[in-house]
Amino acid sequence: MGNSYAGQLKTTRFEEVLHNSIEASLRSNNLVPRPIFSQLYLEAEQQLSSLEAGSRADNEEEEEEEEEEGSESSSPPIAYQMKPPPEGCCTTDGFCQAGKDLRLVSISNDHIEVPSGFLLVGAKSPNLPDQLLVCAVDKRFLPDDNGRNALLGFSGNCVGCGKKGFCYFTEFSNHINLKLTTQPKKQKHLKYYLVRNAQGALTKGSVICWKGAEFRGRQSSSSTCSSALFQPPESSGPSVTITSDPVPATNPNTPSGTQQTAGTISDHLPSTAAFGPTIYNGKGSPKQHLVKNNLSALTRPSVLGTLTNSGPPKKRHKGWSPESPSSTETWNLQPNPQIPNKNKNDGGSLSSLPHSALIGPASSPMVASGEPVSVPDNLLKICKAKPVIFKASDQVPLIEDLEQIFMRSWRESHLSEIRQYQQALPQTFPQVPSQIAPVTSAQLPWLAGLAASSCNDSVHIIECSYSLAEGLSEMFKQIIEGKLVKTNYVVILCASRNRCIDSCIVVTGKYQARVLSESMLTPADYQKEVNYQLVTGKVETLGSYFSTLCPEGDIDLLLDKFYQENQGHISSSLYASVNRTTTALDGTGASVCTSYNIEQHQIRPFQLAVAQKLLSHVCSIADSSTQNLDLGSFEKVDFLICIPPSEVTYQQTLFHLWHSGVLLELGLEKEHLTKQRVEQYVMKLDAESQTKFKAFLQNSMQNPHTLFVLIHDHAHWDLMSAVHSLYPQMEPSMGLVDRLLNCREVKEAPNIVTLHVTSFPYALQTQHTHISPYNEIHWPSSYSNGVDLYHENKKYFGLSEFIESTLSGHSIPLLRYDSSFEAMVVALGKRFPRLHSAVIRTFVLIQHYSAAMMAVSGLSQMKNYTSVETLEITQNLINSSRLCPSGHGLMVVLRIPCIPLAAVAYERLYHVRERLALEDNFEIILGNPNSGITIGKHFVEQLKIWQKIEDADWRPQTYLELEGLPCILIFSGMDPQGESLPRSLRYCDLRLINSSSLVRTTLEQELGLAAYFVSSESHIEKVVVNDVLESDQEKLSSTDNEDEEIVTEGSTSEKRSPMKRERSRSHDSASSSLSSKASSTAFCSESSPLLTTGDGAKSPHQVLGSSTEESGNQYEKQRQKIDKGAQAVSKNLPIAAEQLDTKQNIKNAQISITSSSSSPFSSSSFSSVPTHNSFILQTFQCVMTKASKQPPIVLLPKLVYDIITSTDSSGLPKSSSLLPYHSVMWASSFRPLMSKMMTCTEQSLYYRQWTVPKPIHIDYNNRNEGRMDNFHPRRLLLSGPPQIGKTGAYLQFLSILSRMLIRLTEVDVYDEEEININLKEESDQYYHQPGDVWPDLETFKKIPFDYTIHDPKYEDASLICTKLQNLSSEDRSMSRKLEDTYMHRQTTRMRLSKYAVYNTYHHCEQCHQYMGFNPRYQLYESTLHAFAFSYSMLGEEIQLHFIIPKSKEHHFVFSQPGRQLESMRLPLVTDKSEDYIKSPTFTPTTGRHEHGLFNLYHAMDGASHLHVLVVKEYEMAIYKKYWPNHIMLVLPSIFNSAGVGAAHFLIKELSYHNLELERNRQEELGIKPQDIWPFIIISDDSCVMWNAVEVDCSGDRKSEYTWTERNVSLKQILQHIESTPNVTHYALIGMRKWSSKTNSAEIKEPFSCCHVHDFIMLNVDLTQNVQYNQNRFTCDDVDFNLRVHSAGLLICRFNHFSIMKKQIAVGGQRSFHIKSKVSDTPVSISPAQYICAPDSKHTFLAAPAQLLLEKYLQYHSHRFFPLSLKNYSHPVLSVDCYLNLGPQIAVCYVSSRPHSLNISSSGLIFSGLLLYLCDSFVVASFLKKFHFLKGATLCVICQDRNSLRQTVVRLELEDEWQFRLRDEFQTANAKEDRPLFFLTGRHI
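Heads up, the sequence shown is in the numbering used here, so the first residue is 222 and it goes up one at a time.
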């Protein structure tokens, strides 16, 4: 049955048990029959002890190797003999034997009937590795979530053909064509459950959990794992938590937020933590790690008591490993049952981290022993912390030396796997070094101890010989005994009997364990925990503690007292400030600030460059051969911007959109734009967004010719999978991005392009990303090799610049941390161990701000209860508005992610501000992402005056509109959501960001709040910062020199080791007063408005170095005083801080606590004038003056500061090495380290290779086993630093995209008036009525032929005279330069109609098959056919070749036996069809394989037609590549250098020969020869559109009419012309050239008998004896028209039809380049050099002789015909040909053929005679009929000199013409190029 290997019965025959169980099921009363007896389950239910499990694992290890891999070494495996399929059935992979498609990709949207009790599952076929086959299987034969309870056997149906009742998987696998080479096993081939997604499509769901598969036993403890992520101290009973393996994400009990891995946390630990690679235990093999990684499952902790698990099945199938968690991870940690629970706080509790997501399971010999580990019940009471246990395979925070030892130890047994990884690594990344010597199990403990010895007891090594349980017991014992008080990490090493080294790490440090425990909380759980502590009053003890700090007993009492004392008489300084502001605002004569200006919306060079890069990428998608985007089919652009649900971001985006003018430019809105209309284009991703998005989708479906750009701004926000967002604990808005932007309609819509925009793209750059690396656009760098690429007047100041400011020798550090704040937090953390550290940090900071406000307001006793940094911020905030006459001030951003804590902070600070009467001095704003901005009326009025706003109801809606407002912005929300901050931002206080669970995205987006533009002209003032003098600490602290005290602020200085001097001293304001002082000076004295009169006029540089001493080196002395003063200033910490261990503080908090008798913050600091040695402050200056010059100062938690400023060995900031995002994980621990020199593109490729999404990630299911087609073709990613202008860039992109689309739908067509109109005969006679649609044959014969050329392209051609014409020289334009002929022709831009002809760049759904690019078809096969015919004039047989695609063979006739081409089918004259064009179309072309207009599909309006491209042999391949579905007629190679005359000649001769063949063929069918259709169409390759004139003759008088012109299809025109009565009597039919200046007179006569050009219908039957001149390059159509007319044939031009010709700048006649044959260097050769004297040493030219002749005559014919120049009444007589002699010479054409129609030459006297290759029809008597002027010139042109002389003799020319030897010439060709020869003579 295919399942005989698993779960066999022991004593009972299978059939008997099966029979009994089925009978019992049938007799059962239950609606759902109970499952078959447990003996039949694949998994036996008996429990095995962990000892049995371990021993079985050992015993069966060899057994499994024999089963699965042993065959490789012994004998080859026996091939499975598959039963042969029934004859005639389908055997295609992916289809069942009935021929029905089973592939998931094909039938995912089909409705599939699933019987009750059945499930749809996906089967894997070995021949289709990237496909799943859909099957319906009885769910009783499938396992439950624990891999159990699956019945043996199989029952399934085929969903394709509907066949039911397959009882054997072998039979079923044959039916669905799995074509297996091994025994069919359902466990091996039924892989996934299939589920319907939100759009109803069938998609791959969770993995089927077969017992013994890779994920065996991972859900076995799910019932015990649904507890909280970590147990609070109040939890009863001692317990131990430890990490479990990843569990499949389909388990609804799985918390989806436990994303943080141990490795991430280790990167933020204090200095004892190391930053390094992952450490494995001895037995975890990389193969297992890879298998586990593919699961990409969630991680979560599980609580383990006395848990046991069943052992492996009797016979394991592949994938089960003895190291799998079911057998080895049963940590038997048992609480002591004898000790009752005394107190909730006494319960021993160990928290653990989630298992590192990139590691597989570890092996533990300790488990096999079954030895329990007792956890002391009073552990928490003793430890004051919850220790955290890491398994050895986790990424453990250790010192780097220890890490290297572990890695070397582990490497010894895994060299082969490492080499395998090294081979797989791309060459761009450094490979894992392989030279490191391995460490044996005996060496490891000794080396580990040696490495840890440098850690001062911080790391402790415990070695045990038997099991880890032994080591854990020893550790607990040492904790109880107090031996590990100073230890933060305990490493337990155990060398097992198999030479495998087992280990684990226990984090025992109080601070470290607390950080790790808190980092396990999801953002939602974090807020719940904090809210719980606030609501339940647990923080009241903290609040009361702060109240007691006040010297007078209670802070609130002190505030109330201050309020009552100062009510009505505010302090003079504050009153003066407010009063001054009011007078300035009231305009009472006070000075008004000029520094305030609102920036106008403008596009910067950077933004334009990015917009153009975006456009370039979109064009690349369109130009690719994938046909994913047809830009040519779109007429306009529409868009929708999706943003996070932040009200401020929403209003900010509306503001940008409004001022960009994009809506007007795109034509989406009219001039009078309303806010309601703008809101239609911006969508908040909240609960209400689905309605707006549905309207967007509907709009896109209704407007297929509009390109919709879906912009996903702040795209790293909400990358939650829609499947996981359905869980009740999720926020309702989470997962919306997946549900909306990834829906099927968006993915499949051909007119929607999705643009993701983000500053942090890392989470979108995983192995499963939807975005192709080629579709990523990164913000360009400002400089390349030191060259400024984009000249901007502003410089961006981002993260790298902030980090750079902390380096020694640079400007004042803008990144800082606050040591006294950190020390206070640590102290309170010890005092209140149950409170979340975020609560403590927030309350401390609120206390500091409150105390600082009180101190600045005059309560000097509060100065000791705040930090230097907070005091500086508060002081500058309050004083900033006093420094400006208009009251402008600075903004302080106080970032509090937790919304409940932000509300507490707002209420408290608001209360303190009110009590201190500062409510008019600065505003406090609570910034909540879910609500708008609320500020007081007083401040609204100020903003309205500053911004000149007159709207009475105006309120600020974005933070940008708070420009210049003095305020504290409490910025709440777990993540910033794209809000921009104004230029008046001076301080960004990030001390409260969550530093325990940082990932790269989180960290960088927090710091991105401070990103800023500074003026590129200004530079941040440099301050030389040297090390603090290493003087005696006591001496420094006891100094009483008041001159050296700093007036504005004081601080404590720490004494640092020389090792740490590479960073600037002022990064910690509490450790160096220089920072406060220098910042006060460099930042233009925001601290105090006080001045000294003596030094007030000094420049800032003078001020910095001012001193009363007159020594030569004043600055150096001053600096030394500053340094001494910095160390001298000490600070009294509150009581809690004083209790800290001083040594620990210096080490961890980096703060020095010294005693001082007097506080540095004396009351004189705020009231008295500074002493003469103080820093001198600048004059009153508005904060806005500095806004464009100085970036804000950023305060960070110490932990984050250390991460940001520390670098690895390559110089890369450690923050860059963090896990990029919480919902992704590293693909492997073998990954190379990132490099400092990596570009954005290289970083993207790094993350794409080394990160995989977790199941909660939006891209988790976007897997196609490494294939490239999982990229969405119309999805782009724009990334750039925060606040750099990405919004403006993508709005500009929309603008230029719209302009390009408009340009794509337009074409430049020639728009020129007809020439020589004044030479037309003005006649009152009209032969047809204006409304006639067809010419009347008899009437038309009466119309005289108009010899004059009217086509404007022949403006430079010679006029054809018909009689005496009195033309002045001004009537003809001067000859143009050769190169100007093309450039100066007039064009106009026209919108392409739906009937246009297109080049190869056009792609649309309708004409894919026509073009041969339809992806469903293979590249069109073509066959080459020879077609030969004889032509007497050439004297040889002509052989042409046809390239005929298979799809076009029906147009031809082939001989039956040999498939030889016989003829091209021709219809009958009498055939009539609405969907058929009878005339074959021939288009000669050269040099225009890309730009030629050969796509006639739309022009023919879908009508069937025959179109042949006529190409030269050397261009055959390139034309075939671009036009694979077009018929090609390939000219013989001798015509490779020929002109268009040769193509026309061969087309006509071929067509006549084919007509004869068709007449003969169809005559045998009884059809008369004259009934065969004789017309062909010869069309230029630049004909783009056709127009028709509609004439309305409904006027009263017959002569009155009106007319309109409209664009029509070529099909309509051709069918109309083909329907002309007596059409076969016309030799040539053409149409008018379109011009916008066409007047009524030109179309009054609907039909003309005149020259036709460009697009003609040629009757090859009537013109049998009239040939094109195959030698001609120019004017061959004029020459042919004259020959046709002289032969007495009719030429008809339909004046009501016109043709538009596109201006094409390449190919055609311009493809002929005349150059020297001697030298390849391009030298300009004038037309005068095109001829030379025979036998001269003239430079020969590499060009056809005929081309040289024609070009020479066009520009220099006056040398041959001097009397003819501008002598239009005496033209040159041209016999049997028309050659262009230039516009200043007129010619008269005559034919020498008998019975020809010629003009009457009587009375005409000619000024010259041109005889060009004259044939035997030209005789002497014919020439003697014409009269010439005396001195007229003759030019005879022949093929060779011999013919020249023979012609002179034969025509008796010497009778009337005089010849001289020097009058013989030739074209400048070498002899082998067969030059043409001239002979000129003079009339006697």
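Using N, Cα and C, we set each Cβ at its ideal position, and we do this for glycine too.
Original post:
Does DSSP put residue 1921 in a helix, a strand or coil?
Top reply: Here residue 1921 is taken as the residue at index 1700 of the sequence shown, counted from 1. Strand, per DSSP.
Original post:
On the three-state DSSP scale, how would you describe residue 760?
Top reply: As a first step, residue 760 is located in the sequence shown; it is residue number 539 there, counting from the start. Note: residue 760 maps to coil in three-state DSSP.
Subject >> Top-ranked residue by Cα proximity to residue 887, from 731, 917, 928 >> reply: Against the sequence shown, residue 887 aligns to sequence position 666. Nearest of 731, 917, 928 to residue 887, Cα basis: 928.
**OP:** Using the Cα positions of residue 1968 and residue 1759, report the straight-line distance between them to the nearest angstrom.
**Re:** Residue mapping note: residue 1968 aligns to position 1747 of the sequence shown, counting from 1. Residue mapping note: residue 1759 aligns to position 1538 of the sequence shown, counting from 1. So the two alpha carbons sit approximately 9 Å from each other.
**OP:** Ignore the nearest five residues each way along the sequence and tell me which others in residue 1614's own chain have a CB closer than 7 Å to its CB.
**Re:** Residue mapping note: residue 1614 aligns to position 1393 of the sequence shown, counting from 1. These residues qualify, in order along the chain: 1806, 1828.
Original post:
Quick one: Cα of residue 408 to Cα of residue 726, how far?
Top reply: Here residue 408 refers to the residue found at position 187 of the sequence shown. Here residue 726 refers to the residue found at position 505 of the sequence shown. Taking the straight line joining both Cα atoms gives about 37 Å.
**OP:** Identify, in the order they occur along the chain, each residue of the same chain with its Cβ nearer than 6 Å to the Cβ of residue 1419, setting aside the five sequence neighbours on each side.
**Re:** By one-based count along the sequence shown, residue 1419 stands at place 1198. Answer for residue 1419: 1038, 1043, listed in chain order.
Original post:
Between residue 872 and the rest of its own chain, which residues show a CB-CB distance below 7 Å, the 5 nearest in sequence each way excluded?
Top reply: Within the sequence shown, residue 872 is the residue found at index 651, counting from 1. If the five residues before and after residue 872 are omitted, its C-beta is found closer than 7 Å to the C-beta atoms of 1178, 1179, all from its own chain and listed in chain order.
Original post:
For residue 981, which residues from the same chain have a beta carbon less than 7 Å from its beta carbon, with the 5 sequence-adjacent residues on both sides left out?
Top reply: Here residue 981 is taken as the residue at index 760 of the sequence shown, counted from 1. So the list reads 937, 1222, 1225, 1226, once near-sequence residues are dropped.
Original post:
Count the other CB atoms within 10 Å of the CB of residue 922; is the residue buried (16 or more) or exposed (fewer)?
Top reply: Residue mapping note: residue 922 aligns to position 701 of the sequence shown, counting from 1. Looking at its Cβ environment, which holds fewer than 16 other Cβ atoms inside 10 Å, residue 922 is exposed.
Subject >> Bridge partner(s) assigned by DSSP for residue 346 >> reply: Along the sequence shown, one-based indexing puts residue 346 at 125. DSSP, once it has assigned bridges, lists 349 as partnering residue 346.
Original post:
Opposite residue 886 in the DSSP bridges: which residues?
Top reply: Against the sequence shown, residue 886 aligns to sequence position 665. According to DSSP, which records beta bridges pairwise, residue 886 is partnered with nothing at all.
Original post:
For residue 776, which of helix, strand or coil comes out of DSSP?
Top reply: For the purposes of this step, residue 776 is taken as the residue at position 555 of the sequence shown. Helix.
Subject >> Proximity to residue 1114 [Cα-Cα], best of 1103, 1121, 1107, 1126 >> reply: In the sequence shown, residue 1114 corresponds to position 893, counting from 1. Nearest of 1103, 1121, 1107, 1126 to residue 1114, Cα basis: 1126.
Subject >> Nearest candidate by alpha-carbon position, reference residue 831, set 2027, 1900, 1516, 2083 >> reply: Against the sequence shown, residue 831 aligns to sequence position 610. Taking only the C-alpha atoms, the option nearest residue 831 is 1516.
Original post:
Secondary structure at residue 876, three-state DSSP: helix, strand or coil?
Top reply: Residue mapping note: residue 876 aligns to position 655 of the sequence shown, counting from 1. Here residue 876 sits in helix by DSSP.
**OP:** State yes or no: is the C-beta of residue 1666 within less than 7 Å of the C-beta of residue 1643?
**Re:** What you label residue 1666 is simply residue 1445 of the sequence shown in a count that begins at 1. What you label residue 1643 is simply residue 1422 of the sequence shown in a count that begins at 1. Yes, Cβ-Cβ distance for residue 1666 and residue 1643 is below 7 Å.
**OP:** Just the C-alpha distance for residue 1649 and residue 1739, rounded to the nearest angstrom, thanks.
**Re:** By 1-based counting over the sequence shown, the position of residue 1649 is 1428. By 1-based counting over the sequence shown, the position of residue 1739 is 1518. Taking the straight line joining both Cα atoms gives about 24 Å.
**OP:** Determine the direct distance from the alpha carbon of residue 1798 to that of residue 1831, and round the result to whole angstroms.
**Re:** The count along the sequence shown starts at 1 and reaches residue 1831 at position 1610. The count along the sequence shown starts at 1 and reaches residue 1798 at position 1577. If I take the Cα positions, the gap works out to 12 Å.
**OP:** In the DSSP assignment, find the beta strand (DSSP E) that holds residue 1620 and state where it starts and stops.
**Re:** Within the sequence shown, residue 1620 is the residue found at index 1399, counting from 1. Looking at the DSSP string, residue 1620 is not in any beta strand (DSSP E), and its letter there is neither H nor E.
**OP:** Using DSSP bridges, identify the partner residues of residue 2056.
**Re:** Taking the first residue of the sequence shown as position 1, residue 2056 is located at position 1835. Bridge partners of residue 2056 according to DSSP: 2031, 2101.
**OP:** Report buried or exposed for residue 2079, applying the criterion of at least 16 other Cβ atoms within 10 angstroms of its Cβ.
**Re:** Numbered from 1 along the sequence shown, position 1858 holds the residue referred to as residue 2079. It counts as exposed.
Original post:
In this structure, does DSSP put residue 524 in helix, strand or coil?
Top reply: As a position in the sequence shown, residue 524 is number 303, starting the count at 1. Bear in mind that a pLDDT of 29 at residue 524, under 50, signals an unreliable position, so the model cannot answer this.
Original post:
For residue 2107, which of 1671, 1646, 393, 1657 has the nearest alpha-carbon?
Top reply: Nothing can be reported for residue 2107: it is not among the residues displayed for the chain, which extend from 222 to 2105.
Subject >> When 1134, 1118, 1108 are compared against residue 1095, the one with the closest alpha-carbon >> reply: What you label residue 1095 is simply residue 874 of the sequence shown in a count that begins at 1. The residue from 1134, 1118, 1108 with its alpha-carbon nearest to that of residue 1095 is 1134.
**OP:** Note the first and the last residue of the continuous beta strand (DSSP E) segment covering residue 1807.
**Re:** As a working note, residue 1807 is residue 1586 in the sequence shown. Unbroken beta strand (DSSP E) run through residue 1807: 1804-1813.
Subject >> Beta-carbon gap between residue 2002 and residue 2028 smaller than 7 Å >> reply: In the sequence shown, counting from the first residue as 1, residue 2002 sits at position 1781. In the sequence shown, counting from the first residue as 1, residue 2028 sits at position 1807. No, these two residues do not count as a Cβ contact at 7 Å.
Original post:
For residue 1026, does the count of other Cβ atoms within 10 angstroms reach 16, so buried, or fall short, so exposed?
Top reply: Indexing the sequence shown from 1 puts residue 1026 at position 805. The residue is buried, with at least 16 neighbouring Cβ atoms inside 10 Å.
Original post:
Candidates 916, 1633, 1689, 1694: which alpha carbon is nearest residue 1716's?
Top reply: Working through the sequence shown from its first residue, we reach residue 1716 at position 1495. Per the Cα distances, 1633.
Original post:
Hey, how far is the Cα of residue 675 from the Cα of residue 1219?
Top reply: For this step, residue 675 is matched to residue 454 along the sequence shown. For this step, residue 1219 is matched to residue 998 along the sequence shown. Cα to Cα, residue 675 sits roughly 28 Å from residue 1219.
Original post:
Got a sec? Which residues, its chain only, sit under 7 Å from residue 1652 by beta carbon, not counting five neighbours each side?
Top reply: Within the sequence shown, the letter at position 1431 stands for residue 1652. So the qualifying residues of the chain are 1659, 1770.
Original post:
Rounded to the nearest angstrom, how far is the Cβ of residue 1117 from that of residue 998, given a contact under 8 Å?
Top reply: By 1-based counting over the sequence shown, the position of residue 1117 is 896. By 1-based counting over the sequence shown, the position of residue 998 is 777. No, residue 1117 and residue 998 are not in contact; Cβ-Cβ is about 35 Å, not under 8 Å.
Original post:
Can at least three beta-carbon pairs, one atom from the stretch 1521-1539 and one from the stretch 1564-1574, be found at a separation below 8 Å?
Top reply: yes
Original post:
With distances taken between CB atoms, is the gap from residue 935 to residue 962 smaller than 7 Å?
Top reply: Taking the first residue of the sequence shown as position 1, residue 935 is located at position 714. Taking the first residue of the sequence shown as position 1, residue 962 is located at position 741. No, Cβ-Cβ distance for residue 935 and residue 962 is not below 7 Å.
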